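For the protein sequence lines, the chains are A and B, in the order given. Position 259 of the first sequence, counting from 1, maps to 259 under the UniProt record's numbering, and the rest follow consecutively. Position 266 of the second sequence, counting from 1, maps to 266 under the UniProt record's numbering, and the rest follow consecutively. One structure is given here, and the rest of the page talks about it.
2 protein chains.
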Amino acid sequence: MTVPGGERASAKPQPVRPTLAVVGATGAVGRVLVDLLATRADVWGEVRLFAGPEGIGTEVQVLGRSEPVRALEPGCFEGVDIALFEAPEDVVEEWAPLAVAAGAVAVDGSSAFRLHPDVPLVVPEINPSAARMRRIGIIAAPRCATLVLTVALAALHAEFGLSQLVVTAALAASGRGRIGVDTLRRQTAEVAGDPTVGTRTGDLRRAVSEQEDDPFEAPLAYNLLPWAGDTTEDGWSSEELGLRNETRKILGLPELPISATCLRVPVVSGHSLTVHAVFEREPDVHRVREILDSSAGVIVYDDPEKGEYPTPADVVGSDPTWVGRVRRSLDEPHGLELFLCGDNLRKGAALNCVQIAELVAAEGQAG
Amino acid sequence: MTVPGGERASAKPQPVRPTLAVVGATGAVGRVLVDLLATRADVWGEVRLFAGPEGIGTEVQVLGRSEPVRALEPGCFEGVDIALFEAPEDVVEEWAPLAVAAGAVAVDGSSAFRLHPDVPLVVPEINPSAARMRRIGIIAAPRCATLVLTVALAALHAEFGLSQLVVTAALAASGRGRIGVDTLRRQTAEVAGDPTVGTRTGDLRRAVSEQEDDPFEAPLAYNLLPWAGDTTEDGWSSEELGLRNETRKILGLPELPISATCLRVPVVSGHSLTVHAVFEREPDVHRVREILDSSAGVIVYDDPEKGEYPTPADVVGSDPTWVGRVRRSLDEPHGLELFLCGDNLRKGAALNCVQIAELVAAEGQAG
Ligand SMILES: NC(=O)c1ccc[n+]([C@@H]2O[C@H](COP(=O)([O-])OP(=O)(O)OC[C@H]3O[C@@H](n4cnc5c(N)ncnc54)[C@H](OP(=O)(O)O)[C@@H]3O)[C@@H](O)[C@H]2O)c1
Ligand SMILES: NC(=O)c1ccc[n+]([C@@H]2O[C@H](COP(=O)([O-])OP(=O)(O)OC[C@H]3O[C@@H](n4cnc5c(N)ncnc54)[C@H](OP(=O)(O)O)[C@@H]3O)[C@@H](O)[C@H]2O)c1
Chain A
1 MTVPGGERAS AKPQPVRPTL AVVGATGAVG RVLVDLLATR ADVWGEVRLF
51 AGPEGIGTEV QVLGRSEPVR ALEPGCFEGV DIALFEAPED VVEEWAPLAV
101 AAGAVAVDGS SAFRLHPDVP LVVPEINPSA ARMRRIGIIA APRCATLVLT
151 VALAALHAEF GLSQLVVTAA LAASGRGRIG VDTLRRQTAE VAGDPTVGTR
201 TGDLRRAVSE QEDDPFEAPL AYNLLPWAGD TTEDGWSSEE LGLRNETRKI
251 LGLPELPISA TCLRVPVVSG HSLTVHAVFE REPDVHRVRE ILDSSAGVIV
301 YDDPEKGEYP TPADVVGSDP TWVGRVRRSL DEPHGLELFL CGDNLRKGAA
351 LNCVQIAELV AAEGQAG
Chain B
1 MTVPGGERAS AKPQPVRPTL AVVGATGAVG RVLVDLLATR ADVWGEVRLF
51 AGPEGIGTEV QVLGRSEPVR ALEPGCFEGV DIALFEAPED VVEEWAPLAV
101 AAGAVAVDGS SAFRLHPDVP LVVPEINPSA ARMRRIGIIA APRCATLVLT
151 VALAALHAEF GLSQLVVTAA LAASGRGRIG VDTLRRQTAE VAGDPTVGTR
201 TGDLRRAVSE QEDDPFEAPL AYNLLPWAGD TTEDGWSSEE LGLRNETRKI
251 LGLPELPISA TCLRVPVVSG HSLTVHAVFE REPDVHRVRE ILDSSAGVIV
301 YDDPEKGEYP TPADVVGSDP TWVGRVRRSL DEPHGLELFL CGDNLRKGAA
351 LNCVQIAELV AAEGQAG
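What follows is the structure, given as structure tokens:
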């Protein structure tokens, strides 16, 4: 890293621009992240890109430059200040500690370190100061569904005191990465134009081709799956438990009752959540809207009579959590119903990691 | 109606086969209903078919015969014993009482009479005897989502005592009738093959063509809408309130707290429901499976480790409510989580009406 400096010794020294590494730069999240950098504050010096076997050797445009995509190898993090990991969990488990050992702060976008007791789980709109509490040099970002949810709920919790959540998350194909999107597009092309498919038992299974690395156990086109993630005990999926545990950690409510069900839906990008929230104090709907409207990273779009409610098609490519269908529970005085929608690749992943990186970079500036 | 009789006066008289009318025989539900008749007990005599402007004058195959589709007109129900209405609400409001006046029992598959205090709302697996309590000659069938839900919950309620429901219903395009399916197929053909659509704000709205009679306010292909039905007070949709009120009426629990959110999803047929149910008594999961397994019209398909859970693609064309993802709520000792899936056009509409008609026909036989 070269230090841009002035000619005159008396000139205020230019701060050294930190070097950023992006691991998984060619993935669904990584590609969005690399594009995002150009839209954010101009704080980065070198940007070093890494990927797996498919990406290595390709070139990626980042901040107007074409950068080679490299392999992870010993010494690859030398000189890196902040390393963003948007790669599979096992890759992060192995390489994030090595990045830290090389002097970098690691930001983990996978689920490798999210629930580690010494790793802060950070949503800059909610708990930015937690980013400083990185005892092992790693900061984690929550999964996409958790982000969409917590960004909307944090301020409501502060005012009314959250006491219970029942959530159904309809997860987009891109939540399963590049292969998820490719599979949905391939299957959609296979069923489009068939005038009867989807009307007889199993005809969709016959209409879509099977591929060895299919990430979904049933067709996703014209269908939905009541399953996302890995199996765990007692019939819960890892997505559901992750959403529960991460929400508790971020909101600082380790005992909060949460029931979550995750569905996979034939949407390219954009996670949707139906939320039944119960509070300690009665949530006045008028006040709820006020709070949401003034929360960072939240937009209320809610007038069904005019056809106004968020949908994945409308929120994809945007940063906030969109809130619609705000209404009081009919039979529960302290209950509130919400529909949330957010871009899982942006705020749900790439943007949140970039925001964390910016927080860390700003510490450096301040220091 | 001719009476098939024996040659000899001493022969047991053959029962008169009742005449059936189907109003809306050319719709999404009506077409399935007409096909279904061939798979059911052979009890019907004449079958008289009616439809609106598009269907009148066409011919439809029913029970191996080709029958003309007629217009509703004065006198059209003369000689009809049971009239099934699978037509728009306003048509049923006008014509069901006329069918009754002509001497028929009317079975209403629309939402015209479901909540009328003098009209029983019947699910033959749950409350068959209610069909006899038709004070104004009309029997109603609940909406598709209510059917999928109540068929699964009735026996659980009998054992554990239902005390609360939080439901998210992901409704298929065919729940919006023939036009709903046509719209989804047209939009799917329009977006299939586009390698980037669904990744930028609004690109889906540009990719699908608008048509005057579009039933959805946003693209449905590669998207989902947090809205189904008409607007009502306080931000609830008619689908959500209907699901709540009908479930209460069928289960005989007029005060049951129910929070429902209805989504429209890009699935051809097959409604999916996530259910968070709370009971008065602790629901043992093993016993829950036993009860569901032995309930009429219910199949448990639940082994996520083996990829076994119901999806619309698998349940479409079948009769039962399929139950998967059975698990105890983690933080609520009396809570249970379920995923339900059922064919909205079969049990969710056509089949339930046929079953009701068969109940009424059997009364005639018995009497
Ligand atoms: N998708 C989401 O909505 C979302 C949201 C939040 C968090 N996340 C997390 O973000 C991470 C990436 O997800 P994704 O959806 O972007 O997945 P993806 O599309 O499958 O991309 C994975 C990326 O990791 C790279 N990679 C694979 N093996 C590697 C290795 N051995 N060494 C270095 N790089 C390797 C891939 O490179 P190649 O191009 O060579 O394959 C690719 O760039 C995952 O941990 C995921 O859980 C995803
Ligand atoms: N779809 C479901 O999942 C579902 C489930 C439960 C209940 N329902 C209810 O069932 C009813 C039919 O729904 P659908 O989905 O089958 O709708 P659809 O596909 O739009 O079919 C409507 C049917 O009604 C006929 N019709 C329209 N105007 C008429 C008129 N003036 N006189 C006589 N017939 C007329 C139509 O005839 P043309 O062919 O001439 O248009 C068509 O046969 C609705 O009340 C709906 O709420 C639907």
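By construction, the Cβ of each residue, glycine as well, lies at the ideal position given by its N, Cα and C atoms. All figures in this text were calculated on a predicted structure; none of them were measured in a lab.
Query                                                                                                                                                                                : Result
What separation, rounded to the nearest whole angstrom, lies between the Cα atoms of Thr-247 (chain A) and Pro-142 (chain A)?                                                        : 8 Å
Shorter than 8 Å, the distance from the beta carbon of Ile-258 (chain A) to the closest heavy atom of ligand 2, or not?                                                              : no
Restricting to Cα atoms, I'd like to know which of A:Phe-50, A:Glu-54, A:Ala-296 and A:Lys-306 is closest to Arg-70 (chain A).                                                       : A:Phe-50
Between Arg-178 (chain B) and ligand 2, is the CB less than 8 Å from at least one heavy atom?                                                                                        : yes
Tell me, please, whether the CB atom of Cys-353 (chain A) is closer than 9 Å to any CB atom in chain B?                                                                              : no
Under 6 Å Cβ to Cβ from Ala-361 (chain A), same chain only, skipping five residues before and after it: list those, please.                                                          : Pro-18 and Val-43
Suppose you measure from the CA of Val-29 (chain A) to the CA of Glu-86 (chain A); what does that come to, to the nearest Å?                                                         : 6 Å
Should Val-315 (chain A) and Gly-335 (chain A) be called a contact, given that it needs their Cβ atoms to be closer than 9 Å?                                                        : no
Name the chain A residues that come within less than 7 Å of Gly-324 (chain B), Cβ to Cβ?                                                                                             : Pro-226
Rank A:Val-298, A:Arg-205 and A:Gly-75 by C-alpha distance to the C-alpha of Val-191 (chain A) and give the top, closest one.                                                        : A:Arg-205
Measure the Cβ-Cβ separation of Gly-324 (chain B) and Val-151 (chain B) and say whether it is below 9 Å.                                                                             : no
List, from N- to C-terminal side, the alpha helix (DSSP H) runs of 4 residues or more that fit wholly inside the region 232-298 of chain A.                                          : 238-251 and 285-293
Apart from the five residues just before and just after Ile-136 (chain A), which ones in its own chain have a Cβ nearer than 6 Å to its Cβ?                                          : Asp-118
By how many angstroms is the C-alpha of Pro-68 (chain B) removed from the C-alpha of Thr-58 (chain B)?                                                                               : 6 Å
Just the Cα atoms here: how many angstroms apart are Leu-345 (chain B) and Gly-202 (chain B)?                                                                                        : 32 Å
Per the DSSP calculation, Gly-342 (chain B) is bridged to which residue(s)?                                                                                                          : B:His-271
Does the beta carbon of Ser-272 (chain A) sit closer than 9 Å to a beta carbon anywhere in chain B?                                                                                  : yes
At the level of alpha carbons, what is the spacing between Asp-182 (chain B) and Leu-273 (chain A)?                                                                                  : 27 Å
If Ala-260 (chain B) and Arg-281 (chain B) are in contact, beta carbons under 8 Å, what's the gap, nearest whole angstrom?                                                           : No, Ala-260 (chain B) and Arg-281 (chain B) are not in contact; Cβ-Cβ is about 24 Å, not under 8 Å.
Confirm, please, whether the CB-CB distance from Arg-31 (chain B) to Arg-176 (chain B) is below 9 Å.                                                                                 : no
Does Val-315 (chain A) come within less than 9 Å of chain B when only Cβ atoms are used?                                                                                             : yes
Which of helix, strand or coil does DSSP assign to Gly-324 (chain B)?                                                                                                                : strand
Rounded to whole angstroms, what is the Cα-Cα separation between Glu-363 (chain A) and Leu-338 (chain B)?                                                                            : 47 Å
Got a sec: does ligand 1 put a non-hydrogen atom nearer than 8 Å to the Cβ of residue 418 (chain A)?                                                                                 : Residue 418 (chain A) is absent from the structure shown; chain A starts at 1 and stops at 367.
Can you list, in chain order, the residues of its chain with a C-beta nearer than 8 Å to that of Gly-270 (chain A)? Leave out the 5 residues immediately preceding and following it. : Ala-172, Thr-311, Pro-312, Ala-313, Val-315, Val-316, Cys-341, Gly-342, Asp-343 and Asn-344
For a test of the three-state rule: what should DSSP assign to Pro-97 (chain A), helix, strand or coil?                                                                              : helix
Is Ser-269 (chain A) near ligand 2, with its Cβ less than 8 Å from a heavy atom?                                                                                                     : no
List the residues of chain A that Pro-333 (chain B) touches, going by C-beta distances under 8 Å, in chain order.                                                                    : Per Cβ cutoff of 8 Å: no residues; Pro-333 (chain B) is ~11 Å from chain A at best.
Assign Gly-364 (chain A) to one of three DSSP states: helix, strand, or coil.                                                                                                        : helix
Specify the secondary structure class of Cys-353 (chain B) as computed by DSSP and reduced to three states.                                                                          : helix
Just to check my reading of the structure: Ala-349 (chain A) and Gly-79 (chain A) have Cβ atoms closer than 8 Å, yes? What is that Cβ distance to the nearest angstrom?              : 26 Å between Cβ atoms; not a contact.
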